[in-house]
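**Student:** One structure is given below, represented as structure tokens, and several questions about it will come after.
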Amino acid sequence: MSNEEQKSITPGIYLWLIAVNIYISMFAFGGGYVVVPLVRRSFVEKKKIFTEDELMEMSAVAQSSPGAIAVNLAALSGYKAAGTAGAVISCAASVIPPLVILGIISGFYDLFIANKIVAAVLKGMQSGVAALIVSVVADMCTVILKEKSFFLFSLIPIAFIANFIFDVNVALILAVCCGLCILRVYVRSGGHKWKFF
Amino acid sequence: MEILLKLFLTFLKIGLVSIGGGYAVIPSIHEEVVVKAGWIGEKVFADIITISQMTPGPLAVNTSTFVGLQIAGAAGAVVATVGCVFCGVAISLTLYRFFQKHKESVYIFETLNGLKAASLGLIVSAAATIILLSFFGTGDPDLKTMKESLDIGAVAIFGGVLFLSRKRKINPIMLMLVSGAAGIILYM
Numbered sequence: 001m002s003n004e005e006q007k008s009i010t011p012g013i014y015l016w017l018i019a020v021n022i023y024i025s026m027f028a029f030g031g032g033y034v035v036v037p038l039v040r041r042s043f044v045e046k047k048k049i050f051t052e053d054e055l056m057e058m059s060a061v062a063q064s065s066p067g068a069i070a071v072n073l074a075a076l077s078g079y080k081a082a083g084t085a086g087a088v089i090s091c092a093a094s095v096i097p098p099l100v101i102l103g104i105i106s107g108f109y110d111l112f113i114a115n116k117i118v119a120a121v122l123k124g125m126q127s128g129v130a131a132l133i134v135s136v137v138a139d140m141c142t143v144i145l146k147e148k149s150f151f152l153f154s155l156i157p158i159a160f161i162a163n164f165i166f167d168v169n170v171a172l173i174l175a176v177c178c179g180l181c182i183l184r185v186y187v188r189s190g191g192h193k194w195k196f197f
Numbered sequence: 198m199e200i201l202l203k204l205f206l207t208f209l210k211i212g213l214v215s216i217g218g219g220y221a222v223i224p225s226i227h228e229e230v231v232v233k234a235g236w237i238g239e240k241v242f243a244d245i246i247t248i249s250q251m252t253p254g255p256l257a258v259n260t261s262t263f264v265g266l267q268i269a270g271a272a273g274a275v276v277a278t279v280g281c282v283f284c285g286v287a288i289s290l291t292l293y294r295f296f297q298k299h300k301e302s303v304y305i306f307e308t309l310n311g312l313k314a315a316s317l318g319l320i321v322s323a324a325a326t327i328i329l330l331s332f333f334g335t336g337d338p339d340l341k342t343m344k345e346s347l348d349i350g351a352v353a354i355f356g357g358v359l360f361l362s363r364k365r366k367i368n369p370i371m372l373m374l375v376s377g378a379a380g381i382i383l384y385m
């Protein structure tokens, strides 16, 4: 991290990270991906801590790592905002809502599961979550289109079809994609620049 | 003490092998928690999955909290949850710093670009599954009965939220609250 970035870290940022991660995590319904539009709203659009492109990098890394994408993305966005301490604080804050909520309802979860109001709210929210994810995906596709690379853009439908239609394992899809990218650079450079760093 | 250590290690392992997130992690959690450790039975495990769908937060985190609570109270819940997220967070941070440090390398730069595109494709796949679930009530709808099982209300919420999110730039959390309220009107 550069000096300039370090200067901007004030104690206030830690409090903000705690609050914003608890807030985002409370709404992480429907499989975790909805945190991407929520992180974007707070970190990219409001606070301008990082750009849309950096958010895509973080989402890609969060997804390529083991564990829950929501928690990984919380750690990465916290890291970007306030270094390692920010990462630890954000990740802790992001697991507080599930801990507390599960702690509260674990005693009477039979009633909770059978509750008609809860079920109706969740059913409505599911459609909303789907729309929010579609919306963020549309914006991210535009970012990739701007790279003007047919190869890169074609990876989107390839990964989608492999996962959605053929149920190929996520780790395998990401590994093959890394291999393809490395191979492509190697072939382009005429095989002379076999140097990673 | 010993049970806390076992909880931690078991969920550390679950966190490490659960790449891809979401429902792909159910079999490995089941194997460790129900089959190997025998901490909870099949019925409770199925209940946990239902609860996870009804509460915010990742499935693995919800399971670790629930199992930890049942086995060793609040301390168990915290220990299991920390174990569950530790590897993912450590690996994410390492990988991210690695990519940032070596961005000048054309190999690393292009690999990261490729990962961005592929991971976007995977998010599209997750979105498609949620759309099917909300429109047809199942992730794998029968083509013949698709027309009858289509939930017009769900399509309306989807369309409305998509419009408000793209054209009016309304706060996504507000939109989720509104869709929850629409759910009460439509499905009660």
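Quick note, the sequences are listed as chains A and B, same order. This note's numbering numbers the first residue of the first sequence as 1 and each following residue consecutively. This note's numbering numbers the first residue of the second sequence as 198 and each following residue consecutively. Virtual Cβ for every residue (Gly too), placed ideally from N, Cα, C. The structure presented is a predicted model; accordingly, all values stated were derived computationally and were not measured.
1) What residue range does the alpha helix (DSSP H) around L199 of chain B cover?
2) Between the alpha carbons of L330 of chain B and I9 of chain A, how many angstroms are there, rounded?
3) Pick helix, strand or coil for P66 of chain A, following the three-state DSSP scheme.
4) Taking the CB atoms as reference points, tell me whether M343 of chain B and F355 of chain B lie closer together than 8 Å.
5) Answer yes or no: does any C-beta atom of chain A fall closer than 8 Å to that of E239 of chain B?
6) Chain A beta carbons: is any one of them nearer than 8 Å to that of D244 of chain B?
7) Which of the residues in the segment 249-265 of chain B, read from start to end, lie with their CB under 7 Å from any CB of chain A?
8) Can you list, in chain order, the residues of its chain whose CB lies under 8 Å from that of F29 of chain A, leaving out five sequence neighbours each side?
9) Taking a cut of 7 Å between CB atoms, which residues from the segment 123-138 of chain A lie near chain C?
10) Determine whether the beta carbon atoms of V134 of chain A and L359 of chain B lie at a separation below 8 Å.
11) Taking three-plus beta-carbon pairs below 8 Å as touching, is the segment 80-87 of chain A in contact with the segment 310-321 of chain B?
12) Under 7 Å Cβ-Cβ, which residues of chain B neighbour E52 of chain A?
13) Where does E345 of chain B sit, in a helix, a strand or coil, going by DSSP?
14) According to DSSP, simplified to helix, strand and coil, what is F197 of chain A?
15) Mark S90 of chain A as exposed unless 16 or more other C-beta atoms lie within 10 angstroms of its C-beta, in which case mark it buried.
16) Leaving aside the five residues before and after S94 of chain A along the sequence, list all residues of the same chain whose C-beta is less than 6 Å from its C-beta, in chain order.
17) So, for A269 of chain B: in the same chain, excluding its five sequence neighbours on each side, which residues have a beta-carbon less than 7 Å away from its beta-carbon?
18) By alpha-carbon positions, which one of A:S64, A:K48, A:I69 ends up nearest to V35 of chain A?
19) Rounded to whole angstroms, what's the CA-CA distance from S376 of chain B to P253 of chain B? Just pull it up for me.
20) If we count Cβ pairs, one from each stretch, closer than 8 Å, do we get three or more for the segment 132-147 of chain A versus the segment 320-330 of chain B?
21) Looking at chain A, is there any beta carbon in it that lies within less than 8 Å of the beta carbon of E307 of chain B?
22) Which residues, taken in chain order from the segment 59-88 of chain A, show a beta carbon closer than 9 Å to some beta carbon of chain B?
23) What's the C-alpha gap between F166 of chain A and S249 of chain B?
24) Are the segment 233-249 of chain B and the segment 296-306 of chain B touching by the rule of at least three beta carbon pairs closer than 8 Å?
25) Can you tell me the Cβ-Cβ gap for C178 of chain A and T278 of chain B, rounded? I've got them flagged as a contact below 8 Å.
26) For L266 of chain B and K148 of chain A, what's the separation of their Cα atoms in angstroms?
27) What does G235 of chain B reach in chain A if we use C-beta pairs closer than 9 Å?
28) At the level of alpha carbons, what is the spacing between S2 of chain A and A85 of chain A?
29) Who are the neighbours of A93 of chain A on chain B, taking C-beta pairs under 7 Å?
30) Can the beta-carbon of G212 of chain B be found closer than 8 Å to that of G285 of chain B?
31) With 9 Å as the C-beta to C-beta threshold (strictly closer), list the residues of the segment 9-36 of chain A near chain B in chain order.
32) Going by beta carbon distance, what residues of the same chain come within less than 7 Å of P97 of chain A, once the five residues before and after it are set aside?
33) Under 8 Å, do S346 of chain B and A131 of chain A count as touching if we go by C-beta distance?
**Tutor:** The structure says:
1) It should be pointed out that residue 199 of chain B corresponds to Glu in this sequence rather than to Leu. From DSSP, the alpha helix (DSSP H) with E199 of chain B extends over 199-214.
2) One alpha carbon belongs to L330 of chain B, the other to I9 of chain A, and they sit about 43 Å apart.
3) Note: P66 of chain A maps to strand in three-state DSSP.
4) If you check the CB distance, M343 of chain B and F355 of chain B do not come in under 8 Å.
5) No, E239 of chain B lies away from the interface with chain A (no Cβ there is under 8 Å from its Cβ).
6) At least one CB of chain A lies nearer than 8 Å to the CB of D244 of chain B.
7) Result list: M251, T252, P253, G254, P255, A257, V258, N259, T262, F263.
8) Answer for F29 of chain A: L122, M125, Q126, V129, listed in chain order.
9) The structure shown has no chain C; the protein chains it does contain are A and B.
10) Going by beta carbons, V134 of chain A and L359 of chain B fall inside the 8 Å limit.
11) No: the two stretches stay apart, fewer than three of their Cβ pairs being nearer than 8 Å.
12) Within chain B, no residue comes near E52 of chain A; the closest Cβ sits about 11 Å away, beyond 7 Å.
13) E345 of chain B sits in a helix when the DSSP states are folded into three classes.
14) Residue confidence for F197 of chain A is low, a pLDDT of 49 falling below 50, so the modelled location carries little weight; the figure read from the coordinates is stated next. In the structure shown, F197 of chain A falls within a coil segment according to DSSP collapsed to helix, strand and coil.
15) S90 of chain A counts as buried, since at least 16 other C-beta atoms from the protein chains shown sit within 10 angstroms of its C-beta.
16) Closer than 6 Å at the Cβ level, and outside the excluded window around S94 of chain A, lie N21, S25, V71, A74.
17) I200, L201, L204.
18) Out of A:S64, A:K48, A:I69, A:I69 has the C-alpha closest to the C-alpha of V35 of chain A.
19) Approximately 15 Å between the Cα atoms of the pair.
20) Between the segment 132-147 of chain A and the segment 320-330 of chain B there are three or more C-beta pairs closer than 8 Å, enough to call the two in contact.
21) Judged by the 8 Å Cβ criterion, E307 of chain B is in contact with chain A.
22) Of all residues in the segment 59-88 of chain A, only S59, A60, V61, A62, Q63, S64, S65, P66, G67, A68, I69, A70, V71, N72, L73, A74, A75, L76, Y79, K80, T84, A87, V88 come within less than 9 Å of chain B when Cβ atoms are compared, listed by chain position.
23) The alpha-carbon atoms of F166 of chain A and S249 of chain B are separated by roughly 26 Å.
24) Contact fails: fewer than three Cβ-Cβ distances are below 8 Å.
25) About 30 Å separates the two Cβ atoms, so there is no contact after all.
26) Approximately 51 Å between the Cα atoms of the pair.
27) Per Cβ cutoff of 9 Å: no residues; G235 of chain B is ~19 Å from chain A at best.
28) Since pLDDT at S2 of chain A reaches only 45, below the 50 mark, its modelled position is unreliable, and no value is offered.
29) By Cβ distance, chain B contributes nothing, its closest Cβ being about 12 Å from A93 of chain A, past 7 Å.
30) A contact, by the Cβ cut-off of 8 Å.
31) Look at the segment 9-36 of chain A: the residues with a C-beta under 9 Å from a C-beta of chain B are Y23, I24, S25, M26, F27, A28, F29, G30, G31, G32, Y33, V34, V36.
32) Here P97 of chain A has I22, S25, M26 as same chain residues with Cβ atoms under 7 Å from its own Cβ, once five neighbours each way along the sequence are excluded.
33) No, they are not a contact pair.
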